[in-house]
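Colleague: Chains A and B, in that order, give the protein sequences.
According to numbering that gives the first Met the number 0, the first sequence is numbered sequentially starting from 0.
According to numbering that gives the first Met the number 0, the second sequence is numbered sequentially starting from 0.
Here's a structure for you.
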Amino acid sequence: MLEAINLEVSYGGIAAVKGISFAVEEGEMVALIGANGAGKTSTLKALARLLPARGTIRFLGEELAALPSHGLIGRGMALVPEGRGVFARLSVAENLAMGAYSRRDHAAISADLERVHELLPRLLERRTQLAGTLSGGEQQMLALGRALMGRPRLLLLDEPSMGLAPLMVHKVFETIGAVAATGVTILLVEQNAKLALESASRGYVMEGGRITLADSAGNLLADRRVREAYLGE
Amino acid sequence: MKAKVKAWQGVALIAAVLAVLPFAVGLGMGNAWVRVLDFALLYIMLALGLNIVVGFAGLLDLGYIAFYAIGAYLYALLSSPHFGLHWPAWAVLPLGAAVAGLFGVLLGAPTLRLRGDYLAIVTLGFGEIIRIFLNNLNSPVNITNGPQGIARIDPISVFGVPLSRPLDVLGVSLPGVYLYYYLFALVALGIIFVTMRLEDSRIGRAWVAIREDEIAAKACGINTRNVKLLAFAMGASFGGVAGGLFAGFQEFVSPESFSLMESVMVLCMVVLGGMGHVPGVVLGGLLLAVLPEALRQGAGPVQLALFGRVLLDPESLRILLFGLALILVMQYRPAGLWPSATRRREFSENPPEPGR
């Protein structure tokens with residue numbers, strides 16, 4: 000479904016992503032793990048066309064190089080940005096409506112809104128509240144719900160656990176699992192390697208801008224190097 | 000929906016007050032005050048235009064008066080003896096809007112990646128560049144007549160009737176300031192209407208989204224480049240129309256009418272009235288246009304009555320009191336005098352948590 004070949008990202012001469020290749024198949028949840036500064040977020044931003052990158056990105060058989068970032072949601076790729084990026088001074092309902100900005104199929108939008116409310120009942124309870132006054136976990140849920148309102152086939156999640164209390168992190172990951180169960184393909188970037196690998200089916204480990212390991216999530220969890228470097232053993 | 004109905008009721012009330020206002024003011028306080036009202040309407044148009052850029056799209060523009068200048072000079076050049084051109088107002092005013100809008104895009108395009116303070120600095124520079132150009136474009140080829148400005152500009156005519164001369168309506172002679180007042184009020188109402196429709200449109204929502212979070216806006220499928228340029232162009236075109244009206248009304252333009260202070264003043268109207276809220280912005284424009292005049296005219300007589308003589312020069316006292324009023328409003332009503340329901344909530348509730 001998504002394929003990256005020799006992806007390179009650099010910031011003013013400093014290479015953050017040094018030619019990585021990976022693929023995500025339809026229906027999978029793939030985790031991209033690694034330490035701070037390994038190049039995970041840069042990779043995701045390059046996929047979402049928010050950063051200029053070299054190399055080839057193919058999504059559903061189409062080259063993304065010529066597409067602007069705002070054209071991706073219409074193609075079926077949605078990003079939940081790092082730090083959630085909810086529209087703080089809009090209500091929860093307005094945030095969700097913005098998620099469907101690129102769509103005009105009103106009947107299907109209301110159906111999707113109902114589905115999002117079923118999946119994330121807190122959003123229905125809080126629909127008139129300003130997004131900026133939600134707790135961090137609720138904001139993450141809202142960002143997820145907003146992305147789903149674009150009816151994506153592939154969801155890019157950037158550090159959904161960032162800055163959340165442990166209990167909330169588990170809730171967020173439960174929800175991500177529920178989204179995956181509805182058939183949405185997910186590429187998850189996470190520092191919390193254990194949680195990410197427990198939810199995903201496959202994983203890539205990034206280090207210094209390169210992919211150093213690629214395997215099934217189970218094998219990575221059992222891998223000595225992963226356990227030492229990322230699971231604190 | 001309820002908020003919208005309330006907003007429209009507010010506009011209707013304003014319209015009714017607008018219709019009788021010049022008579023109440025003119026008969027009670029003299030025609031000089033109707034002239035002040037005319038200027039207030041021009042400032043309201045400017046404030047509404049700037050509100051699109053600053054209030055809706057969240058792009059801080061400190062050079063907004065440049066678009067007013069462009070509209071004014073375009074009118075001055077195309078209908079005055081300066082070039083011997085006497086184009087009619089109905090042609091020049093829309094052209095002014097279009098040219099100002101084009102300049103808005105010219106300013107917007109290179110500043111797309113900038114926000115906040117950085118954008119403010121560039122726009123401030125843009126405003127000054129336009130003013131300095133107008134000041135110096137009198138040699139080698141005399142285009143703008145430099146600091147002397149352009150005089151004897153044609154007054155605005157509606158259906159062949161020049162608004163500068165008194166008009167007899169049903170036996171009542173209406174002076175020019177009244178006629179301009181009604182023209183300006185109509186244009187201002189038109190701008191209010193367009194602004195409120197925009198606010199409630201897909202474009203309006205896209206503006207708010209980029210104001211809140213640009214990356215998330217892109218992820219939602221918003222073409223942030225086009226939407227930003229549209230905000231600059233729309234805001235600038237309102238400024239251009241107001242500038243053309245100003246030139247026809249004054250029959251004289253010079254670069255000093257378009258200083259940085261004017262940009263700051265219009266920004267004050269937007270912020271003080273209630274950023275992003277149309278009725279608030281209208282109120283801000285009206286108050287800040289009328290208040291300095293009231294202070295200027297009131298400060299002398301009040302001192303005479305209190306102390307028997309004028310202790311402080313009314314002109315300097317005016318700026319002092321004006322600054323004090325601004326500080327007090329921002330202290331006690333930080334969201335503005337008449338903020339939108341959302342802004343009021345935001346300032347009264349606990350500040351948004353960055354999240355846990």
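From the three backbone atoms N, C-alpha and C, an ideal C-beta is built for every residue, glycine too.
Keep in mind it's a predicted model, so treat the numbers as computed, not measured.
With DSSP as the reference, label GLU61 (chain A) as helix, strand or coil.
Modeller: Strand at GLU61 (chain A).
Colleague: With a cut-off of 8 Å, do at least 3 Cβ pairs link the region 182-192 of chain A to the region 38-58 of chain A?
Modeller: Taking 8 Å as the limit for Cβ pairs, the verdict is that the region 38-58 of chain A does touch the region 182-192 of chain A.
Colleague: Going along the chain, which residues of its own chain have a beta-carbon closer than 6 Å to the beta-carbon of ILE142 (chain B), five neighbours each way excluded?
Modeller: Excluding sequence neighbours, ILE142 (chain B) sits near LEU136.
Colleague: Looking at C-beta atoms only, is the number of pairs between the region 314-329 of chain B and the region 73-91 of chain B that lie closer than 8 Å three or more?
Modeller: Flag = no, the region 314-329 of chain B and the region 73-91 of chain B do not touch.
Colleague: Decide yes or no for the touch test of the region 255-274 of chain B against the region 59-70 of chain B: beta carbon pairs closer than 8 Å, at least 3 of them.
Modeller: The answer is yes - the region 59-70 of chain B touches the region 255-274 of chain B, with three or more Cβ pairs under 8 Å.
Colleague: Could you name the residues of the region 90-105 of chain A whose beta carbon sits closer than 7 Å to any beta carbon of chain B, in the order they occur along the chain?
Modeller: Cβ contacts with chain B come from MET97, GLY98, TYR100, SER101.
Colleague: GLY54 (chain A) to LEU59 (chain B), Cα distance in whole Å?
Modeller: Computed Cα separation, rounded: 37 Å.
Colleague: What's the gap between the Cα of LEU77 (chain B) and the Cα of ILE155 (chain B)?
Modeller: Taking the straight line from one Cα to the other gives about 12 Å.
Colleague: How would you list, in chain order, the residues of chain D whose beta-carbon sits under 7 Å from the beta-carbon of ALA230 (chain B)?
Modeller: Absence of chain D from the displayed structure is noted, the protein chains being A and B.
Colleague: Judging by CA-CA distance, which residue of B:GLY220, B:GLY107, B:ILE51, B:TYR42 is the nearest neighbour of TYR100 (chain A)?
Modeller: Here the closest residue by C-alpha is B:GLY220.
Colleague: For GLY238 (chain A), which residues in the same chain have their Cβ closer than 7 Å to its Cβ, ignoring the five residues on either side in sequence?
Modeller: Because chain A is modelled from 0 through 232, residue 238 (chain A) falls outside the range shown and cannot be assessed.
Colleague: So the candidates are B:VAL193, B:LEU178, B:GLN249; which of them puts its Cα closest to the Cα of MET233 (chain B)?
Modeller: The shortest C-alpha separation from MET233 (chain B) is found at B:VAL193.
Colleague: What whole-angstrom Cβ distance do ALA99 (chain B) and GLY242 (chain B) have, given they're in contact under 8 Å?
Modeller: 7 Å between Cβ atoms; contact.
Colleague: Taking Cβ-Cβ distances below 9 Å as the criterion, which residues of the region 107-130 of chain A are in contact with chain B?
Modeller: Under the 9 Å Cβ criterion, the region 107-130 of chain A contributes LEU129, ALA130.
Colleague: Look at VAL16 (chain A) and LEU50 (chain A) and say whether their C-beta atoms are less than 7 Å apart.
Modeller: Cβ atoms of VAL16 (chain A) and LEU50 (chain A): not closer than 7 Å.
Colleague: Just the chain A side, please: which residues come within less than 8 Å of ARG114 (chain B) by C-beta, in chain order?
Modeller: By Cβ distance, chain A contributes nothing, its closest Cβ being about 15 Å from ARG114 (chain B), past 8 Å.
Colleague: Do VAL176 (chain B) and ARG34 (chain B) have their C-beta atoms closer together than 7 Å?
Modeller: It is a contact, given that the beta carbons lie within the stated cut-off.
Colleague: What is the C-beta distance between ALA213 (chain A) and TYR229 (chain A), in whole angstroms, given that I count them as a contact (C-beta under 8 Å)?
Modeller: Actually they do not touch by this definition, with Cβ atoms about 15 Å apart.
Colleague: Using only alpha-carbon positions, find the residue among B:GLY273, B:PHE257, B:LYS217 that is nearest to GLY73 (chain A).
Modeller: Comparing Cα positions, the closest option is B:LYS217.
Colleague: Could you tell me the boundaries of the alpha helix (DSSP H) in which THR122 (chain B) lies?
Modeller: Per DSSP, THR122 (chain B) belongs to the alpha helix (DSSP H) from 115-135.
Colleague: On a Cα-Cα basis, can you pick out the residue from B:GLY25, B:LEU47, B:ALA31 that is closest to ARG196 (chain B)?
Modeller: For the residues B:GLY25, B:LEU47, B:ALA31, the minimum Cα distance to ARG196 (chain B) belongs to B:LEU47.
Colleague: Does the Cβ of THR181 (chain A) have 16 or more other Cβ atoms within 10 Å, making it buried, or fewer, making it exposed?
Modeller: It is exposed - the Cβ of THR181 (chain A) has fewer than 16 other Cβ atoms within 10 Å.
Colleague: Roughly how many whole angstroms lie between the Cα atoms of VAL301 (chain B) and LEU294 (chain B)?
Modeller: VAL301 (chain B) and LEU294 (chain B): Cα-Cα distance of roughly 10 Å.
Colleague: Is the region 138-145 of chain A in contact with the region 72-88 of chain A, if contact means three or more CB pairs nearer than 8 Å?
Modeller: Yes: at least three Cβ pairs fall under 8 Å.
Colleague: If we count Cβ pairs, one from each stretch, closer than 8 Å, do we get three or more for the region 274-294 of chain B versus the region 1-17 of chain B?
Modeller: Touching, yes.
Colleague: For LEU400 (chain B), which residues of its own chain have a beta-carbon under 8 Å away from its beta-carbon, when the five flanking residues on both sides are left out?
Modeller: Since the first residue shown for chain B is 0 and the last is 355, residue 400 (chain B) is missing from the structure and cannot be characterised.
Colleague: Counting only Cβ-Cβ distances shorter than 7 Å, please list the residues of the region 313-339 of chain B near chain A, keeping chain order.
Modeller: Listed by position along the chain: nothing, the set is empty.
Colleague: With C-beta atoms as the reference, is LEU336 (chain B) less than 7 Å away from GLY272 (chain B)?
Modeller: Yes, these two residues count as a Cβ contact at 7 Å.
Colleague: Which chain A residues are close to ASP199 (chain B), counting only those with a beta carbon under 8 Å from its beta carbon?
Modeller: Under the 8 Å cutoff, chain A gives no residues; its nearest Cβ is about 12 Å from ASP199 (chain B).
Colleague: Mind checking GLY28 (chain A): buried by the 16 CB within 10 Å criterion, or exposed?
Modeller: A small correction: the amino acid at residue 28 (chain A) is Met; Gly does not occupy that position in the sequence shown. With 16 or more Cβ atoms within 10 Å of its Cβ, MET28 (chain A) is classed as buried.
Colleague: Check each residue of the region 60-80 of chain B: if its Cβ is closer than 9 Å to any Cβ of chain A, include it; give the result in chain order.
Modeller: Taking 9 Å as the Cβ-Cβ cut-off against chain A, none of the residues of the region 60-80 of chain B qualify.
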